[in-house]
Amino acid sequence: MQDSITIEHPSVGAVNEITDMWVELAADQREYESYIQPEESKEAVREMIAHRIASDCVYVACVETDGQEQEQTQILGFVTYEIERGAYTLSETRGIIQNLYVTPSKRGAGIGTQLLCAAEDKLHNQGATVITLETLAENTRAQEFYRQQGYDAHRVQFERTLDFTEEN
């Protein structure tokens, strides 16, 4: 029998578990040259996740598992999102997908797609007319996933490492 996965807004009690998943996500991104220091960022992320939960800007993918005495909920992944708020007046209302993570052993089962669709629906209901997200240039697997979901490159960010010597 296949477990039934639900997509839902988490309770504040899930903050630590989601934060730990974010640390795993950030650690994985180091392979693609991310500058984020996962462990050093953990407390700030915990506060951000708590704020997102309070603002209903997080979904989790959950499955009920049989424990020894009672059923337990296992979180398999999460997505964080928000409507962009900024100083500029834009011709479109942008929704932003900030983080999307699925436990590695559960990838390829459609969970990321379910989480992304839930966030897209919520952002659409909040008035978003376009949705943006970012992935690192070297993370071709994520890029392919987003292309399969209908996303196209819109903006390209360039970077240059500064290597100044004493002569400069």
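Going letter by letter, the sequence shown gives residues 1 to 168 in the UniProt record's numbering.
Ideal Cβ positions, reconstructed from N, Cα and C, are used throughout, including at glycine.
Alpha-carbon spacing of residue 135 relative to residue 142, whole angstroms:
Residue numbering aside, residue 135 sits at position 135 when the sequence shown is read from its first letter. Residue numbering aside, residue 142 sits at position 142 when the sequence shown is read from its first letter. One C-alpha to the other measures close to 7 Å.
Where does residue 146 sit, in a helix, a strand or coil, going by DSSP?
Numbered from its first residue, the sequence shown carries residue 146 at position 146. Three-state DSSP puts residue 146 in a helix.
Taking all protein chains shown into account, do 16 or more other C-beta atoms lie within 10 angstroms of the C-beta of residue 10, making it buried, or fewer, making it exposed?
To locate residue 10, count along the sequence shown from 1; it is residue 10. Residue 10 should be labelled buried.
Tell me the start and end of each unbroken beta strand (DSSP E) in the UniProt domain "N-acetyltransferase" (16 to 168) that is at least 3 residues and wholly inside, in chain order.
58 to 66, 71 to 83, 94 to 102 and 130 to 133
What's the C-alpha gap between residue 72 and residue 49?
For the purposes of this step, residue 72 is identified with residue 72 of the sequence shown, where counting begins at 1. For the purposes of this step, residue 49 is identified with residue 49 of the sequence shown, where counting begins at 1. So the two alpha carbons sit approximately 22 Å from each other.
Evaluate residue 35 with the Cβ neighbour count: other Cβ atoms within 10 Å of its Cβ, from every protein chain shown; 16 or more gives buried, anything less gives exposed.
Residue numbering aside, residue 35 sits at position 35 when the sequence shown is read from its first letter. Label assigned to residue 35: exposed.
Give me the residue from 108, 94 and 65 with the minimum Cα distance to residue 4.
Mapped onto the sequence shown, residue 4 falls at position 4. The residue with the shortest Cα to Cα distance from residue 4 is 65.
Can you grab the Cα-Cα spacing for the pair residue 101 / residue 85, in whole Å?
Counting from 1 along the sequence shown, the entry for residue 101 is found at position 101. Counting from 1 along the sequence shown, the entry for residue 85 is found at position 85. If you take the alpha carbons of residue 101 and residue 85, they lie about 24 Å apart.
Taking residue 98 as the reference, give the member of 116, 108, 154 and 165 with the closest Cα.
One-based indexing of the sequence shown puts residue 98 at position 98. When each option's Cα is compared against that of residue 98, the closest is 116.
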